[in-house]
Amino acid sequence: MSFQKRLVRTVGSAKIAPGSSSEIAYPLLSDWRGFAKRAHDEERVLARNVNRWRRLLHVVVVLAAGLMALAAEGPALVAQAAGRGAPQAQQQIIIDTDIGDDIDDAFAVALALESPELQILGFTTTYGDTALRARLLRRMLAETGHGEIPVAAGPATQSKTRLTQMRYAGRGPAPKPGEPDAVAFLSAQIRMHPGEITLVAIGPLTTVESMIDREPALFRQLKQVVMMGGSVDRGYGAPYADPADGPPPGPDIEWNIVNDIAGARKLFASGVPVIVMPLDATQLPLEEIERGLLFAHGSPLTDALTLLYHEWGQQTPTLFDAMTVTYLLQPQICPVVPIRLSVDDKGYTRREAGAPNAEVCLHSDRSGFFDLLMSRLLASK
Ligand SMILES: [Ca+2]
3 MSFQKRLVRT VGSAKIAPGS SSEIAYPLLS DWRGFAKRAH DEERVLARNV NRWRRLLHVV
63 VVLAAGLMAL AAEGPALVAQ AAGRGAPQAQ QQIIIDTDIG DDIDDAFAVA LALESPELQI
123 LGFTTTYGDT ALRARLLRRM LAETGHGEIP VAAGPATQSK TRLTQMRYAG RGPAPKPGEP
183 DAVAFLSAQI RMHPGEITLV AIGPLTTVES MIDREPALFR QLKQVVMMGG SVDRGYGAPY
243 ADPADGPPPG PDIEWNIVND IAGARKLFAS GVPVIVMPLD ATQLPLEEIE RGLLFAHGSP
303 LTDALTLLYH EWGQQTPTLF DAMTVTYLLQ PQICPVVPIR LSVDDKGYTR REAGAPNAEV
363 CLHSDRSGFF DLLMSRLLAS K
């Protein structure tokens with residue numbers, strides 16, 4: 003897209019941006035010169051990224067052509083090319099999410115929905131207005147052809163914030179009478195699939211804590227918990243900054259941990275393998291170029307993300323939560339090391355001596371993450 007078209011589109015979206023709240027970070031006309039300079043700078047990034055996506059597309063086309071040729075040679079040759087006779091079994095997962103506040107949960111959900119390696123047994127909601135979060139999820143699932151996936155609300159709690167995406171959520175379906183709550187749903191699923199289920203925890207751990215309190219023995223029959231949370235060596239800021247800019251920001255109190263410290267402690271002590279994606283490895287900004295590609299794609303899934311993004315009302319999402327799903331698909335993008343973590347009274351996750359109680363990813367491959375995310379979401383139909 004030309005520079006001029008991008009300017010026109012950006013100004014156009016400023017005029018029609020929902021809410022016209024001061025939170026919306028679109029450029030004002032008074033800041034036009036500054037914006038234009040930034041846009042020129044971004045144009046150079048655009049060219050770099052477009053080339054990257056073209057190269058990726060080329061690789062996909064070449065691979066597809068190769069597979070079609072193999073298919074023409076017969077099933078035996080295809081099986082031989084795959085290296086194994088049978089396809090790998092799907093990983094069974096349940097995603098526990100505080101979708102509706104920050105926007106990264108929606109991207110994590112979208113990536114999971116576009117990943118055939120995963121069998122999503124259901125969603126549970128956590129923290130704050132869990133019923134409204136469940137309605138948001140039900141609408142998103144219904145509108146993207148996944149209305150059959152169950153959604154169960156966790157216990158409602160006090161929240162310091164209101165859902166930024168409450169208007170989208172408010173038009174989501176209410177639960178049907180008699181549907182189980184999150185703990186009942188989790189319990190039933192674990193009984194059906196003991197030792198098989200990965201719980202992907204991408205919100206404060208209030209629903210997880212409730213599950214541990216009510217069904218500790220069943221909770222231990224999870225295969226593992228893969229969570230976004232904590233901050234080991236690096237805090238909020240610029241973990242990918244050039245070292246020449248100075249030392250990275252030190253550890254911080256992280257949202258998911260600090261909003262249920264007791265729940266985090268119970269999880270680390272539960273005996274279930276815990277895989278942690280902390281701030282160190284999950285500060286993944288979705289830049290303008292990638293946003294433009296996704297929001298212009300026009301599938302039901304990217305349309306849902308587009309609506310949710312605009313209701314969220316800020317500019318650059320940081321896709322913390324999506325790294326959990328990425329880890330399940332391509333663990334080499336966020337390799338983990340064994341660490342013993344403790345949670346202090348303020349909510350810091352500290353290293354301590356002793357037997358490891360978690361596998362933690364401290365460094366991630368950002369370009370690998372975006373290659374996976376973009377190729378999956380841009381393949382949505
Ligand atoms: Ca979240």
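Under the working numbering, the sequence shown is numbered contiguously, ending at residue 383. Heads up, the beta-carbon is just placed ideally off N, CA and C, and yes, glycines get one too.
For residue i: DSSP bridge partner residues
{"i": "G229", "result": "Note that residue 229 is Met in the sequence shown, not Gly. Its beta-bridge partners are A203 and V278."}
{"i": "L120", "result": "Q93"}
{"i": "S344", "result": "R352"}
{"i": "A360", "result": "I341"}
{"i": "V153", "result": "F125"}
{"i": "T163", "result": "Its beta-bridge partners do not exist; DSSP assigns none."}
{"i": "P287", "result": "T320"}
{"i": "D106", "result": "Per DSSP, none; premise fails for D106."}
{"i": "D367", "result": "The partner list for D367 (beta bridge, DSSP) is empty, contrary to what the question assumes."}
{"i": "D254", "result": "Partner(s): none; D254 has no beta bridge."}
For residue j and residue i, the rounded distance between their alpha carbons
{"i": "T208", "j": "G172", "result": "22 Å"}
{"i": "T128", "j": "A158", "result": "7 Å"}
{"i": "A219", "j": "P319", "result": "38 Å"}
{"i": "A360", "j": "P275", "result": "7 Å"}
{"i": "G239", "j": "A298", "result": "29 Å"}
{"i": "P340", "j": "V362", "result": "6 Å"}
{"i": "A110", "j": "T146", "result": "15 Å"}
{"i": "D254", "j": "L286", "result": "17 Å"}
{"i": "I192", "j": "A114", "result": "20 Å"}
{"i": "P245", "j": "D282", "result": "15 Å"}
{"i": "G370", "j": "Y329", "result": "11 Å"}
{"i": "V153", "j": "I101", "result": "12 Å"}
{"i": "G356", "j": "I214", "result": "23 Å"}
{"i": "R267", "j": "G231", "result": "12 Å"}
{"i": "V234", "j": "L380", "result": "33 Å"}
{"i": "A1", "j": "R378", "result": "Summary: the structure shown does not reach residue 1, with the chain confined to residues 3 through 383, and so no result is reported for it."}
{"i": "W257", "j": "I204", "result": "10 Å"}
{"i": "V345", "j": "F125", "result": "26 Å"}
{"i": "L295", "j": "L375", "result": "12 Å"}
{"i": "A91", "j": "T132", "result": "32 Å"}
{"i": "L364", "j": "A176", "result": "39 Å"}
{"i": "G174", "j": "S272", "result": "34 Å"}
{"i": "H195", "j": "A184", "result": "16 Å"}
{"i": "V338", "j": "I277", "result": "8 Å"}
{"i": "L31", "j": "S366", "result": "Residue placement at L31 cannot be trusted, given a pLDDT of 33 that sits under 50; the coordinates are not used to answer."}
{"i": "V228", "j": "L269", "result": "11 Å"}
{"i": "M325", "j": "G180", "result": "34 Å"}
{"i": "T284", "j": "L331", "result": "15 Å"}
{"i": "F187", "j": "G265", "result": "19 Å"}
{"i": "M279", "j": "D247", "result": "25 Å"}
{"i": "P182", "j": "D347", "result": "33 Å"}
{"i": "P249", "j": "C336", "result": "22 Å"}
{"i": "K178", "j": "G300", "result": "30 Å"}
Close-in-space but distant-in-sequence residues of the same chain around residue i (CB under 8 Å, 5 per side omitted)
{"i": "G160", "result": "The displayed chain sequence assigns Gln, not Gly, to residue 160. Only G130 meet the Cβ criterion."}
{"i": "E116", "result": "L303, R378, L379, A381 and S382"}
{"i": "D107", "result": "T99, D100, I101, I204, G205 and D323"}
Close-in-space but distant-in-sequence residues of the same chain around residue i (CB under 7 Å, 5 per side omitted)
{"i": "Y170", "result": "L138, R141, L309, L310 and E313"}
{"i": "D103", "result": "T163, L165 and T166"}
{"i": "G237", "result": "P251, G252, P253, D254 and L281"}
{"i": "P333", "result": "none"}
{"i": "I384", "result": "There is no way to answer for residue 384, as the model of the chain reaches only from 3 to 383."}
Spatial neighbours of residue i in its chain, beta-carbon cut-off 6 Å, leaving aside the 5 residues before and after
{"i": "L143", "result": "G149 and I151"}
{"i": "S189", "result": "E217 and L220"}
{"i": "M168", "result": "none"}
{"i": "V327", "result": "A110, L113 and A114"}
{"i": "S212", "result": "P157 and V185"}
{"i": "L321", "result": "D106, F109, L286 and L288"}
{"i": "P358", "result": "P340, I341 and R342"}
{"i": "A78", "result": "Its pLDDT being 41, under 50, A78 is placed unreliably in this model, and the coordinates cannot settle the point."}
Proximity test, Cβ basis, 9 Å: residue i and chain B
{"i": "A324", "result": "Within the model displayed, chain B is absent; a lone protein chain is all it includes."}
> What alpha helix (DSSP H) runs, 4 residues minimum, are completely inside the stretch 312-337?
Replying inline: 324-331
> Taking contact to mean at least 3 C-beta pairs separated by less than 8 Å, is the stretch 217-237 in contact with the stretch 113-122?
Replying inline: In the pairwise beta carbon analysis, the stretch 217-237 is classified as not touching the stretch 113-122: fewer than three pairs are separated by under 8 Å.
>> Can you confirm whether the stretch 342-353 touches the stretch 301-313 when touching is taken to mean that 3 or more C-beta pairs between the two stretches lie within less than 8 Å?
In response: Touching, no.
>> Taking contact to mean 3 or more Cβ pairs, one atom from each stretch, closer than 8 Å, check whether the stretch 284-295 and the stretch 128-147 are in contact.
In response: no
>> Does the contact criterion of 3 or more C-beta pairs under 8 Å hold for the stretch 196-214 versus the stretch 259-276?
In response: yes
>> Between the stretch 196-204 and the stretch 92-106, can you find at least three pairs of beta-carbon atoms closer than 8 Å?
In response: yes
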